[in-house]
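This report refers to the structure that appears directly beneath it.
Numbering (the working numbering), first residue to last: 2 to 691.
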């Protein structure tokens, strides 16, 4: 089972064939009525088809060939709009189909009670219900979404995340959530099922991947209402033009009234068909881009909201820093050889399997050439770290080497009738002021010096924050560190603000304060203690490796469990809004230009004076009308790649973005129709089709 999504070619032959067929099925009026703009075009297509039949039997208002051409291109306009939507849906449906084929019929060991050694029954995973308890042992597939309530195990989650490295899942922590379809590699887990069949993570993923089931977002609904209102206005205008044209001809005693075919063509060119035909595809493609980033959106609204975010709350550990403190320097006490300090620090850390302990061993090796000693050959007794002593160490060859917090080591050496030298006390204060963590090393009563542990800020993160600042987004670092340490890391990372000594209550209050000021807030989290803040945030990204409470509180789930993904999510959301805004701008500007082609041509027989507005010097009124209708259809096809791929994201401010869109898509929308319609007119004239 492979749920990792990969980018497909834009025009995958299988998707194109399916989209072409779906575009015909979507001609069903029950489907078209959902899009008022294209429904009006379809009604116009049907109406002109009847006019063509009428012309064939000798009662036509215009030549049958002209009416047929108009009718055919109106049908093409509807089909092209359907094709754009079907292409966007097809990419998601292809992914969903792959997921369905990959589903396994998993057997589950259902326990009578929530204990590892309880009696068990073998049942199908489809029979499990929320609250059931199952045992999953090495080699078993986890039968459904759940939470580990007993045990610890290594789990292969490549089926969900695409990452080959196994992860640890254990009860009683923030790494207790498990996903159905993943496989236990070692040990065992007792899992309480948290979702009924049809409601699992994979089921929700399939549902969200299939664009057909996507709900429209508030902004999309608002734009739909605007497009529908414009369509109604132009419909009323065009309906009034026919009697007005007849009255003008009768009053003047010359000319001929406008034809119904020309009026239908005029209406289709007046209403915003370009954005009307592409709007659905833009939204579906935005969801598809989120899927490709390995993020599951619980609603389209979350994707859209990500584009409007102006405050980002980011956890320090794992997001801004690498997640584990690293030893960066040895600072020896006065009169102590630095090599002696490094040697003692390495000896005290040989049995320390924490990332900090390993980094001390590596630093001593790299900086002082001290090779790692074999633990079993030393005959040493290692003292593990404990919360009570706040230090660890080793007893070796008559020596008692200890490393730990400064106050703990000071108390230890005082018991050995020693003292903490002023130089060591000074180095401890210096490290703390720089945002690091000092570990003091002592050998019995003799203090050797200090190890500097430091949170390593991720490479390139400062530049990313600078980009966000240019976009008008404020970044706030959330950390449990003391204010002194938080200040140093915030300065190094380049965030705009920070919240130190953060608790669930202070996180929640901070989000509410920003929201009260009219700001949209995004945050990421994985623990149960993050759930209140995630539920309050406008965009809440829960880690897939996190607790069930965090995932239920979030509206986006990151399958990769990468906290920095929040930055990418914001970019995808902004790209969705940029694409919709850019194509709306192009569509409106595009319609304005088409007026210069079709209005003079449509009323040429009623008002010959309008011929002066034929600034494009189109061949004939019939050619002008047909050229405008053909261009109106072809521009939808031409813009499908842009709708599916999205407008290229650029980290610039809102005002600069508006200016750029007006220049590129506004001015471009005005110029392109003049070129396109004139080119089509020349082709029609050259082929003697008008």
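Every residue, glycine too, gets a C-beta built ideally from N, C-alpha and C.
Residue from 151, 157 and 130 with nearest C-alpha to residue 145
The residue with the shortest Cα to Cα distance from residue 145 is 130.
Distance check for residue 593 and residue 214, CA to CA, integer angstroms please.
Unreliable placement is indicated for residue 214, whose pLDDT of 49 sits below 50; the coordinate value is still reported in the next sentence. For residue 214 and residue 593, the distance between alpha carbons rounds to 34 Å.
- Query: Can you name the start and end residues of the alpha helix (DSSP H) that residue 617 belongs to?
  - Reply: Taken as a continuous stretch (DSSP letters only), residue 617 belongs to no alpha helix (DSSP H), as it is neither H nor E.
### Query
Do the region 568-586 and the region 286-300 make contact, defined as three or more Cβ pairs closer than 8 Å?
A contact exists between the region 568-586 and the region 286-300.
Between the Cα of residue 684 and the Cα atoms of 625, 73, 510 and 672, which residue gives the shortest distance? Cα-wise, what sits closest to residue 684 is 625.
field: Extent of the continuous alpha helix (DSSP H) to which residue 289 belongs
entry: Counting along the chain, residue 289 sits inside the alpha helix (DSSP H) bounded by residues 274-293.
**Message:** If we require 3 or more residues per run, which beta strand (DSSP E) segments fall completely within the region 506-576?
**Reply:** Runs of beta strand (DSSP E) with 3 or more residues, each lying fully within the region 506-576, are found at 522-526, 540-544 and 557-559, listed in chain order.
Indicate the three-state DSSP secondary structure (helix, strand or coil) for residue 257 in the structure shown.
-> Secondary structure of residue 257 (DSSP, three-state): coil.
Legend entry - Unbroken stretches of the alpha helix (DSSP H), 4 residues or longer, contained in the region 31-118: Within the region 31-118, the runs of alpha helix (DSSP H) that reach at least 4 residues and sit entirely inside it are, in chain order, 37-57 and 65-103.
field: Buried/exposed call for residue 227, threshold 16 Cβ in 10 Å
entry: With fewer than 16 other beta carbons inside 10 angstroms of its own, residue 227 counts as exposed.
Note to self: Does the region 542-553 come into contact with the region 256-270, if we say contact requires no fewer than three beta-carbon pairs (one atom in each stretch) closer than 8 Å?
What the structure shows: Contact check between the region 542-553 and the region 256-270: fewer than three CB pairs, one atom from each, fall below 8 Å, which does not count as touching.
- Taking Cβ positions, are residue 522 and residue 539 nearer each other than 7 Å? Yes.
### Query
Taking Cβ to Cβ, would you say residue 171 is nearer than 7 Å to residue 191?
Contact annotation: residue 171 and residue 191 have beta-carbon atoms that are not nearer than 7 Å.
Checklist entry - How about residue 117 and residue 148: are their beta carbons less than 7 Å apart? => result No.
Check whether the Cβ atoms of residue 583 and residue 662 lie closer than 7 Å to each other. In this structure, residue 662 lies closer than 7 Å to residue 583 by Cβ.
Which residue marks the beginning of the beta strand (DSSP E) containing residue 439, and which one marks its end? In the DSSP assignment, residue 439 falls within the unbroken beta strand (DSSP E) covering 438-444.
* Asked: Taking DSSP as the reference, what is the three-state secondary structure of residue 468?
  -> For residue 468, the three-state secondary structure derived from DSSP is helix.
Notebook entry, point to check: Quick check: the region 461-481 against the region 489-497, are there 3 or more CB pairs under 8 Å?
Noted result: By the Cβ test, the region 461-481 is in contact with the region 489-497, since at least three Cβ pairs between them sit closer than 8 Å.
inquiry  = What does the alpha-carbon distance come out to for the pair residue 668 and residue 591?
reply    = In a straight line, the C-alpha of residue 668 is about 9 Å away from that of residue 591.
### Message
Looking at the secondary structure, which residues open and close the beta strand (DSSP E) in which residue 488 lies?
### Response
First-last for residue 488: 484-494, but that is the alpha helix (DSSP H), not the beta strand (DSSP E).
- Task: Leaving out five residues on either side along the sequence, give the residues of the same chain with a beta carbon under 7 Å from the beta carbon of residue 631.
- Result: Within the same chain, residue 631 has close Cβ partners 74 and 681.
Give every residue of the same chain whose Cβ lies closer than 7 Å to the Cβ of residue 552, excluding the five residues on either side of it in the sequence, and list them in chain order. Taken in chain order, the residues that qualify are 178, 543 and 558.
Practice task
Quick one: measure Cβ to Cβ for residue 133 and residue 111, integer angstroms, because I've assumed they're closer than 8 Å.
Solution key: Between the beta-carbon of residue 133 and that of residue 111 there is about 6 Å, and that keeps the pair under the 8 Å contact cut.
Which residues in the same chain have their Cβ closer than 6 Å to the Cβ of residue 396, if we skip the five residues on either side of it in sequence?
The residues are 382.
(request) Under the assumption that residue 273 contacts residue 479 (Cβ atoms under 8 Å), give the Cβ distance between them as a whole number of angstroms. (result) That belief does not hold up - the Cβ atoms of residue 273 and residue 479 are roughly 44 Å apart, past 8 Å.
Leaving aside the five residues before and after residue 143 along the sequence, list all residues of the same chain whose C-beta is less than 6 Å from its C-beta, in chain order. Excluding residues within five positions, the ones whose Cβ falls inside 6 Å are 137, 179, 181 and 183.
**Message:** Between which residues of its own chain and residue 687 is the CB-CB distance below 6 Å, once the five residues before and five after are set aside?
**Reply:** Excluding its 5 nearest sequence neighbours in each direction, residue 687 has no C-beta neighbour in its own chain below 6 Å.
Cα-Cα, which of 271, 219 and 247 is closest to residue 238?
Nearest neighbour of residue 238 by Cα position, chosen from 271, 219 and 247, turns out to be 271.
Could you please give the first and the last residue of the uninterrupted alpha helix (DSSP H) stretch that includes residue 27?
Secondary structure note for residue 27: it is in no alpha helix (DSSP H), with a DSSP letter that is neither H nor E.
**Asked** Does the region 522-537 come close enough to the region 278-286 that 3 or more CB-CB pairs lie under 8 Å?
**Response** The answer is no - the region 522-537 does not touch the region 278-286, with fewer than three Cβ pairs under 8 Å.
How about residue 424 and residue 298: are their beta carbons less than 7 Å apart? Contact check for residue 424 against residue 298 fails: the beta carbons are separated by 7 Å or more.
Helix, strand or coil for residue 354? Go by DSSP, reduced to three states.
Judged by DSSP in its simplified three-state form, residue 354 adopts coil rather than helix or strand.
### Message
To the nearest angstrom, how far is the alpha carbon of residue 315 from that of residue 21?
### Response
Residue 315 and residue 21: Cα-Cα distance of roughly 44 Å.
Alpha-carbon to alpha-carbon, residue 615 and residue 678:
Straight-line Cα distance between these residues: approximately 12 Å.
- Message: In this structure, how does DSSP classify residue 579 when only helix, strand and coil are distinguished?
- Response: In the three-state reduction of the DSSP assignment, residue 579 falls in the helix class, which pools H, G and I.
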